[in-house]
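Residue numbers (the numbering used here): 529 to 711.
A virtual CB, placed ideally from N, CA and C, is assigned to each residue, including glycine.
These notes are about the structure you will find just below.
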C-alpha cells in the first residue's frame, strides 16, 4: 500500500520538469523494489519478502549471514585473514570511490574572492568551522561573535596547512590523537 501511494504521488509530480521526472522514475524503482523484490531478515533469522511471505526459514546459515559472521559472497565462515582485515578497518578512514572537486565543497577553504578570514562573513566562517567538528556557539549558548569565529577558522586552517591532506585517512577529531586536538 505504501509503495502504491508513493508511486501515485510520484506520477502526479512528473510534469514539473525533466529532473523531477528522473526523481519520479527513481521513486518508482525504489517502490517496486519494496513491493516486489525486497528481502530482509526478521528478528529470528527468517528471510522474509516485503509482502510478508517467508522465503527461507531460520537456519544456522541465515543466522550467521544476518549477524555478519560469514562471507556474504560465498556463505562460508570468514577465514582468519579476512577476520584480521575486518578488525583493522576503521570506517572513518574509508574513502568513497569518487571525489568531489574541492572548489565546489562549501567550507573546505576560503570562499572565492576572499584572501583571508578577516574578509569572510559570519555565515562563511560557520560554514568552515562546523564541517571540521567545531562549535559555533559559546558557553552561554549564544552564537560566537565574528572575531571568535575568525579565530577558530584561522586555527583550523593553520592546522590543515601544517598537515596537508594527502588522503582522508586521518582522524580529524579534537580527541587526543586527532589533528585538531590543539584547538
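Start and end residues, alpha helix (DSSP H) containing residue i
{"i": "residue 614", "result": "608–616"}
{"i": "residue 657", "result": "650–657"}
Beta carbon of residue i nearer than 8 angstroms to that of residue j
{"i": "residue 678", "j": "residue 653", "result": "yes"}
{"i": "residue 578", "j": "residue 559", "result": "no"}
{"i": "residue 599", "j": "residue 610", "result": "yes"}
{"i": "residue 674", "j": "residue 650", "result": "yes"}
{"i": "residue 556", "j": "residue 572", "result": "no"}
Beta-carbon proximity list for residue i, same chain, < 6 angstroms, skipping 5 on both sides
{"i": "residue 532", "result": "none"}
{"i": "residue 645", "result": "678, 681 and 682"}
{"i": "residue 593", "result": "none"}
{"i": "residue 666", "result": "672"}
{"i": "residue 612", "result": "none"}
{"i": "residue 715", "result": "Because residue 715 is not part of the residues shown, which for the chain are 529 to 711, the question remains open."}
{"i": "residue 637", "result": "none"}
{"i": "residue 639", "result": "652"}
Cβ-based neighbour list, residue i, same chain, cut-off 8 angstroms, excluding 5 preceding and 5 following
{"i": "residue 658", "result": "635 and 664"}
{"i": "residue 584", "result": "574, 575 and 590"}
{"i": "residue 642", "result": "648 and 652"}
{"i": "residue 606", "result": "597, 598, 599 and 614"}
{"i": "residue 582", "result": "574, 575 and 576"}
DSSP beta-bridge partners of residue i
{"i": "residue 665", "result": "671"}
Cβ neighbours of residue i in the same chain (closer than 7 angstroms, five flanking residues each side left out)
{"i": "residue 603", "result": "589 and 593"}
Which runs of the alpha helix (DSSP H) at least 4 residues long sit entirely within the region 551–613? Give them in chain order.
588–594
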